[in-house]
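Step one of this worksheet: look at the structure below.
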Amino acid sequence: MSTDSADTLQTPVRDIHVIVAAYNEAPRIGATLDALAVAFPGAPVWVADDGSTDATPEIASRAGVRVVRSERMIGKGPAVTLAARDALEDARNARNACARTHTHVRARAFDQKSNAIHDDDTAGGDVTGGDRVREREP
0 MSTDSADTLQ
10 TPVRDIHVIV
20 AAYNEAPRIG
30 ATLDALAVAF
40 PGAPVWVADD
50 GSTDATPEIA
60 SRAGVRVVRS
70 ERMIGKGPAV
80 TLAARDALED
90 ARNARNACAR
100 THTHVRARAF
110 DQKSNAIHDD
120 DTAGGDVTGG
130 DRVREREP
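Here numbering that gives the first Met the number 0 is used: position 133 in the sequence shown is 132, and no number is missing along the way.
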């Protein structure tokens, strides 16, 4: 994966867990996970797979993220809840970031959200949504 310096977050991520809601996202999940790895370096990532019938869970697993999979479609909310429960077992009071994979994303598309999370030193967890984030071409 090649990125320019504008795509790279300078500070390693502490106490952030990323949950990606996914259903049949095989064509896009790899790019989304690559962008999240740049935007949130070192942060654990979960894919909340809502019963995909394509290769989404396999692609996510090969990318090295944790996949929490429903065998049948249960809906975005319940699927993300399962992944969040797994993430909470991993770390209490973590800051959380959620993304959706319906569009191709690049690391810069997450900068604003990741910077807001990094700059917030309040106690407890934060949740942010990256629903259909898309970077516009200049």
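Every residue, glycine too, gets a C-beta built ideally from N, C-alpha and C.
Here the structure is a predicted model, which means the values were calculated and not measured.
- Straight-line measurement puts the Cα of residue 73 at about 24 Å from the Cα of residue 62.
- Assignment of beta-bridge partners to residue 84 by DSSP yields no partner.
- Between the segment 13–29 and the segment 75–88 there are three or more inter-stretch CB-CB distances shorter than 8 Å, so the stretches are counted as touching.
- In terms of Cβ geometry, residue 53 and residue 25 form a close pair [threshold 7 Å].
- In the three-state DSSP reduction, residue 71 falls in the coil class, being neither helix nor strand.
- The DSSP-derived three-state label of residue 78 is helix.
- Closest option to residue 67, judged by alpha-carbon separation, among 45, 14 and 57: 45.
- Per the coordinates, the alpha-carbon of residue 69 lies some 24 Å from the alpha-carbon of residue 36.
- Residue pairing by DSSP places residue 64 opposite no residue, since no beta bridge is assigned to it.
- Of 86, 51, 59 and 88, the smallest CA-CA separation from residue 75 is found for 51.
- Contact between residue 59 and residue 15 does not hold, since their C-beta atoms are separated by about 18 Å, which reaches or exceeds 8 Å.
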